[in-house]
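392 is the number that the working numbering gives to position 336 of the sequence shown; each next residue is one higher, with no gaps.
We put the CB at the ideal spot given by N, CA and C, even for glycine.
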Amino acid sequence: MNGTITKRCGCRDAVTGKQLGASCPKLRQRTHGLWNLVQELPPRKDGTRRRFRRSGYSTKGEAQTDIDALRALLDIADKKTDPDGRARIADLLETVAASGEDLPDYTETKRRFATGQSLTQHMTVAEWLDAWLVGKKALRKSGETRYEVDIRCHLKPRIGHIRLDRLTVQHLDEMFAGIAETNAEIVDANMERRTALDALKAIPWKGAENRGRRKFLKAAIDEMEPFRRITGPATQKHIRDTLRAALNTAIIRGAITFNPASYVELTAAKRPKAMVWTDERVEMWLRTGEKPSAVMVWTPEQAGQFLDFLADTDNRLYALFHLITFRGLRRGEACGVRWSDYARTAREMTIAVQLVQDGWEVIESAPKTDSGERVISIDEYTDEVLEAHRTKQAAERCQWGPAWVETGRMFTQDDGDRIHPGWLTDQFEKLVELSGLPPIRLHDLRHVAASLMLAAGVDVKIVSETLGHSDSRITRDIYQSVMPKAAREAAEATAAMVPRGAVRAPAPIPPTTPVEAAVAAVEQDGLTTATHEGAKIIAFRPRKVSA
Numbered sequence: 057m058n059g060t061i062t063k064r065c066g067c068r069d070a071v072t073g074k075q076l077g078a079s080c081p082k083l084r085q086r087t088h089g090l091w092n093l094v095q096e097l098p099p100r101k102d103g104t105r106r107r108f109r110r111s112g113y114s115t116k117g118e119a120q121t122d123i124d125a126l127r128a129l130l131d132i133a134d135k136k137t138d139p140d141g142r143a144r145i146a147d148l149l150e151t152v153a154a155s156g157e158d159l160p161d162y163t164e165t166k167r168r169f170a171t172g173q174s175l176t177q178h179m180t181v182a183e184w185l186d187a188w189l190v191g192k193k194a195l196r197k198s199g200e201t202r203y204e205v206d207i208r209c210h211l212k213p214r215i216g217h218i219r220l221d222r223l224t225v226q227h228l229d230e231m232f233a234g235i236a237e238t239n240a241e242i243v244d245a246n247m248e249r250r251t252a253l254d255a256l257k258a259i260p261w262k263g264a265e266n267r268g269r270r271k272f273l274k275a276a277i278d279e280m281e282p283f284r285r286i287t288g289p290a291t292q293k294h295i296r297d298t299l300r301a302a303l304n305t306a307i308i309r310g311a312i313t314f315n316p317a318s319y320v321e322l323t324a325a326k327r328p329k330a331m332v333w334t335d336e337r338v339e340m341w342l343r344t345g346e347k348p349s350a351v352m353v354w355t356p357e358q359a360g361q362f363l364d365f366l367a368d369t370d371n372r373l374y375a376l377f378h379l380i381t382f383r384g385l386r387r388g389e390a391c392g393v394r395w396s397d398y399a400r401t402a403r404e405m406t407i408a409v410q411l412v413q414d415g416w417e418v419i420e421s422a423p424k425t426d427s428g429e430r431v432i433s434i435d436e437y438t439d440e441v442l443e444a445h446r447t448k449q450a451a452e453r454c455q456w457g458p459a460w461v462e463t464g465r466m467f468t469q470d471d472g473d474r475i476h477p478g479w480l481t482d483q484f485e486k487l488v489e490l491s492g493l494p495p496i497r498l499h500d501l502r503h504v505a506a507s508l509m510l511a512a513g514v515d516v517k518i519v520s521e522t523l524g525h526s527d528s529r530i531t532r533d534i535y536q537s538v539m540p541k542a543a544r545e546a547a548e549a550t551a552a553m554v555p556r557g558a559v560r561a562p563a564p565i566p567p568t569t570p571v572e573a574a575v576a577a578v579e580q581d582g583l584t585t586a587t588h589e590g591a592k593i594i595a596f597r598p599r600k601v602s603a
């Protein structure tokens, strides 16, 4: 298995025209000719001989360095005990010799050899992402879809062609720079289309000239790109997280040793700040039609007005929205809850399933997180609402007769079929508009539920468990900003802690409601105020009492 190093040149015999080869007299000169190496390799499986040949070295030392590197690579597999391993390495070197590539890195080859990976075939990022996603057996359908979208729409088109072991941070920086450029193009295209649509609306319908202008402008609009959404900071972060998770698995399996996705810096994705619909914000919304934030929360009074509106119009979804408002169920959980999940004697409801929307298809799955599988307590008022709803549902079952679809769900369509989560969102938006209240999202009813519980003095840990959060810190972070009344009371209590002179002492706040006046009267009589401290009065319509 010894290799040989020779020196040759391209000189030819003046008479015959044949190359002189090793007989050229000028080869003794240092600068004349080039050095070549030949290294014997283990034979092929069919027993045929093979060699590694390479030429073009300026010095003998350079050729000797590569000879030593070749022998080191061959020695990765033991000559006596691992002939198959040496054949694998020989296959690699034969491929390198044919392609003219640089000699493989010793450390990388040894690592790939030890982990049983192919030495002659190199997986691309796209191939690895496909294999990784197939191997994710424990994913929920929604999570699998999200990963698939990241891979199909962003990662494979931009970096899928790159060899997995050659992916760098620079590649990823260029990918996200490309996403930013695409975002700018989308914004410009959307603006152009919106401008054209506004111009179309401004053209009168009557008159031949106007009809011609409208026809021309419609044709131009049809040629434009449709409205598209940009890939925002939150989505970019998810794309990076998807890639990082896939590359971490590649590291565990020995395919790579470095995860470039862990070192990519992105613009921080800011969570929209939740705001309460105060009188001032409602007035601004009525005047301009603009929401102060993407996440808006009703006050207890506004939530009561909405539920009263549903009750007054005898809306069949009243019980569903009542349950979300007071107990904070997610949309899919409310659609999926079954009568068998409610133990009325103990007044406990088990959140065990949810209906998830995948495209427009509906799939039943476990709750969003492990903490989402929970047992929540039901108050007496909500129990009465649910029982009234059960009675109405029984009447609907009788009306439909054999055509009734038995799903066992607590909330259904009027024929018993399950409620589509997307349809429920559409219905909620229509009902909010009909009620005349400022708009919120269906998910924001969870914020209302949290606000009510916190305003009632419920411990944040219990609120977190009721909502199905994995950590009470999530509850604090999300709902701290939606408690302005509690914040004002805390500020007043703080100010009252500091003794001041009579002139500077804060004036007592006069009672504004009969309840507060009664509390003040009790305090003046010298009775204990412990039972009144922190009390919150929330005005909802009186409960219906069964005869």
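Cut-off 6 Å between Cβ atoms - residues of its own chain near residue i, not counting five sequence neighbours on either side
{"i": "R502", "result": "G384"}
{"i": "L376", "result": "A390, F467"}
{"i": "E281", "result": "A245"}
{"i": "M22", "result": "Past the edges of the chain, shown from 57 to 603, lies residue 22, and the structure says nothing about it."}
{"i": "A359", "result": "T381, V504"}
{"i": "E452", "result": "D470"}
{"i": "G112", "result": "L90"}
{"i": "F596", "result": "In this prediction, F596 scores a pLDDT of 48, lower than 50, which makes its location untrustworthy; no coordinate-derived value is stated."}
Local Cβ density within 10 Å of residue i, reported as buried at 16 or more and exposed below that
{"i": "Q455", "result": "exposed"}
{"i": "F272", "result": "exposed"}
{"i": "Q499", "result": "Note that residue 499 corresponds to His in the displayed sequence, not to Gln. When all chains shown are included, H499 counts as exposed."}
{"i": "H88", "result": "exposed"}
{"i": "C80", "result": "buried"}
{"i": "L97", "result": "buried"}
{"i": "S507", "result": "buried"}
{"i": "H378", "result": "buried"}
{"i": "P458", "result": "exposed"}
{"i": "V409", "result": "buried"}
{"i": "T355", "result": "buried"}
Reduced DSSP secondary structure (H/G/I, E/B, other) of residue i
{"i": "G112", "result": "strand"}
{"i": "E281", "result": "coil"}
{"i": "R127", "result": "helix"}
{"i": "W460", "result": "coil"}
{"i": "S198", "result": "helix"}
{"i": "D581", "result": "Only weak support is given to the placement of D581: the predicted model assigns it a pLDDT of 40, under 50, and the value that follows is read from those uncertain coordinates. D581 falls in the coil class under three-state DSSP."}
{"i": "M179", "result": "coil"}
{"i": "W91", "result": "strand"}
{"i": "R68", "result": "strand"}
{"i": "D221", "result": "helix"}
{"i": "T406", "result": "strand"}
{"i": "V514", "result": "coil"}
{"i": "A311", "result": "coil"}
{"i": "V488", "result": "helix"}
{"i": "T323", "result": "coil"}
{"i": "E429", "result": "coil"}
{"i": "Q413", "result": "strand"}
{"i": "I61", "result": "strand"}
{"i": "R474", "result": "strand"}
{"i": "Q173", "result": "coil"}
Per DSSP, cross-strand counterpart(s) of residue i
{"i": "Q361", "result": "Partner(s): none; Q361 has no beta bridge."}
{"i": "R465", "result": "R394"}
{"i": "M352", "result": "M331"}
{"i": "R107", "result": "E96"}
Residue nearest to residue i in terms of C-alpha spacing, selected from the options
{"i": "Y319", "options": "I308, D297, A459, D335", "result": "D297"}
{"i": "R446", "options": "S433, D161, G464, E183", "result": "G464"}
{"i": "D102", "options": "A143, W91, E118, V504", "result": "A143"}
{"i": "V351", "options": "M331, G345, Q413", "result": "M331"}
{"i": "F283", "options": "G268, E241, N315", "result": "E241"}
{"i": "A317", "options": "L490, V181, T438", "result": "V181"}
{"i": "L442", "options": "L487, W416, V431, R372", "result": "R372"}
{"i": "Q85", "options": "T72, K63, P99", "result": "K63"}
{"i": "R270", "options": "A252, Q120, I286, G345", "result": "A252"}
{"i": "E248", "options": "Y113, L299, D278", "result": "D278"}
{"i": "W460", "options": "Q449, G472, A450", "result": "G472"}
{"i": "T163", "options": "K197, A125, S491", "result": "A125"}
{"i": "F232", "options": "E204, L299, R267, W184", "result": "L299"}
{"i": "W333", "options": "K347, L322, T323, D229", "result": "K347"}
{"i": "R110", "options": "I308, Q95, R167, G117", "result": "Q95"}
7 Å Cβ shell around residue i - same chain, five flanking residues per side excluded
{"i": "T115", "result": "W91"}
{"i": "R68", "result": "K74, Q75, L76"}
{"i": "T151", "result": "T176"}
Cut-off 8 Å between Cβ atoms - residues of its own chain near residue i, not counting five sequence neighbours on either side
{"i": "E589", "result": "Note on E589: pLDDT 40, under 50, position unreliable in the model; the coordinate value appears next. Excluding sequence neighbours, E589 sits near nothing in its chain."}
{"i": "D581", "result": "The pLDDT assigned to D581 is 40, lower than 50, so where the model puts this residue is not dependable, and the model offers no usable value."}
Any non-hydrogen atom of the ligand PLP within 6 Å of residue i CB
{"i": "R269", "result": "Of ligands this structure carries none, so the ligand PLP is not represented either."}
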